[in-house]
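Chemist:
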Amino acid sequence: MAGNNRKFFVGGNWKMNGSKDSINEICGWLTAGDRGDTEVVVGPPTAYLGYVQEKLAGSGVYAAAQNCYKVPKGAFTGEISPAMIKDIGLEWVILGHSERRNVFGESDELIAEKIEHALAEGLKVIACIGEKLEEREAGKTEEVVFRQTKAFKDKVKDWGKVVLAYEPVWAIGTGKVATPQQAQEVHASLRTWLSENVSPAVANSLRIIYGGSVSASNCKELATQGDIDGFLVGGASLKPDFVKIINARKS
Ligand code: PGA
495 MAGNNRKFFV
505 GGNWKMNGSK
515 DSINEICGWL
525 TAGDRGDTEV
535 VVGPPTAYLG
545 YVQEKLAGSG
555 VYAAAQNCYK
565 VPKGAFTGEI
575 SPAMIKDIGL
585 EWVILGHSER
595 RNVFGESDEL
605 IAEKIEHALA
615 EGLKVIACIG
625 EKLEEREAGK
635 TEEVVFRQTK
645 AFKDKVKDWG
655 KVVLAYEPVW
665 AIGTGKVATP
675 QQAQEVHASL
685 RTWLSENVSP
695 AVANSLRIIY
705 GGSVSASNCK
715 ELATQGDIDG
725 FLVGGASLKP
735 DFVKIINARK
745 S
C-alpha cells in the first residue's frame with residue numbers, strides 16, 4: 495500500500511502433517527512455482543525440519559520451526575531450543591500459535607518469554623495472537639489481542655525481527671474465514687495500538703499477517719486491505735493452491 499514498504503509475507507504452517515513422500519511433493523511445486531517478491535517460509539513438524547531445509551536449499555523459501563522453548567538446553571523432554579534451530583541453519587520460529595495456547599495451555603507470559611529468548615538467540619519470530627469466538631461475540635476482540643500484544647511488547651526489544659500474525663481462533667481450520675473488513679479492522683486497531691504503545695515507526699514497518707481459513711479463493715480480497723501484509727496459512731499450505739496465496743497481491 496502507499497505509504498509503507500512492508501514486504502508481503504506468506505507462511506505455511508503444516509502443523510502435525512506430512513511425510514517424506516508428501517514433503518517431496520510439496521517442496522517440488524513450491525520451489526517450481528512463481529513467488530514474485532513475496533517472502534515465504536514454511537513450518538514443517540520438528541521431525542522434518544532438517545529434511546525440508548535440504549529440499550528447499552537455494553530456493554529462497556525457508557523453513558521455520560513451529561515452536562521452541564525459552565532456554566538454550568537442559569532437562570525439558572520433548573522441547574527444542576532456538577540454539578538448536580540456529581545450529582541446523584534455520585532462522586524462523588512460529589510462537590504463540592492458538593493451538594499452543596489452547597490445546598497445550600501456553601500462557602501469554604510463557605509465549606512472551608519464548609519470544610524474548612528466541613530473539614535474543616538471533617531468530618526471527620512469527621508471533622501469533624487472536625480471539626476465541628466467545629470473546630468476539632462478547633465484544634472483547636480488541637481487549638484480547640491488545641493484552642496478547644502487550645505481553646510481547648514487554649519482552650521485545652527489536653521488532654524488526656518479528657512478524658505479527660492475527661489469527662482469530664474461530665477462523666482457524668474451520669473454513670470460516672474472517673471477512674476482509676473484519677480482518678482489516680483488527681489489523682488497523684493493532685497498528686494504532688502499536689503506534690501509541692511502542693512507536694509510530696514500528697507500527698508502520700511491522701508486518702501484520704492474517705491467518706484463519708485463508709484459501710486461493712479468498713486471499714486476493716484479503717490482500718487488498720491496507721493493513722494486511724500477508725498470511726499464515728494452515729490447511730491450504732499443504733496443497734499447490736498455496737502458490738496462488740503467495741501471489742495474492744498479483745493481478
Ligand atoms: P488454517 O490454519 O489456514 O488451516 O485455518 C491457519 C493457522 O492455524 O495458522
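Residue numbering for the sequence shown follows our numbering, beginning at 495 and increasing consecutively.
Quick reminder that beta carbons are idealized off the backbone N, C-alpha and C, glycines included.
(1) On the three-state DSSP scale, how would you describe Tyr556?
(2) By Cβ distance, which residues of its chain are closer than 8 Å to Leu732, with the 5 residues on each side in sequence left out?
(3) Nearest CA to the CA of Val650: which residue from Gly616, Tyr704 and Lys670?
(4) Taking only runs of the beta strand (DSSP E) that begin and end inside the stretch 630-671, which ones reach a length of at least 3 residues, in chain order?
(5) Between Pro566 and the rest of its own chain, which residues show a CB-CB distance below 6 Å, the 5 nearest in sequence each way excluded?
(6) For Gly590 and Ala672, I'd like the C-alpha separation in whole angstroms.
(7) So if DSSP puts Val737 in a beta bridge, which residue, or which two residues, is it bridged to?
(8) Between the stretch 605-619 and the stretch 684-695, are three or more C-beta pairs nearer than 8 Å?
(9) Between which two residues does the alpha helix (DSSP H) carrying Tyr545 extend?
(10) For the beta strand (DSSP E) holding Asn507, just list the boundary residues, first then last.
(11) What is the residue span of the beta strand (DSSP E) that Ile722 lies within?
Modeler: Taking the coordinates as given:
(1) Tyr556 falls in the strand class under three-state DSSP.
(2) In its chain, beyond the 5 residues on either side, Gly506, Trp508, Asn511, Gly512, Ser516 and Ile520 have a beta carbon closer than 8 Å to the beta carbon of Leu732.
(3) Of Gly616, Tyr704 and Lys670, the smallest CA-CA separation from Val650 is found for Gly616.
(4) Taking only runs of at least 3 residues, the beta strand (DSSP E) segments lying wholly in the stretch 630-671 are 656-660.
(5) Closer than 6 Å at Cβ, skipping near neighbours: Ser575 and Ala577.
(6) Roughly 20 Å between the two C-alpha positions.
(7) Looking at the DSSP assignment, Val737 forms no beta bridge with any residue, so it has no partner.
(8) Of all C-beta pairs linking the stretch 605-619 to the stretch 684-695, fewer than three are shorter than 8 Å, placing the two stretches out of contact.
(9) Element bounds for Tyr545: Leu543 to Leu550.
(10) Start and end: Phe503 to Asn507.
(11) In the DSSP assignment, Ile722 falls outside any beta strand (DSSP E) and carries neither an H nor an E.
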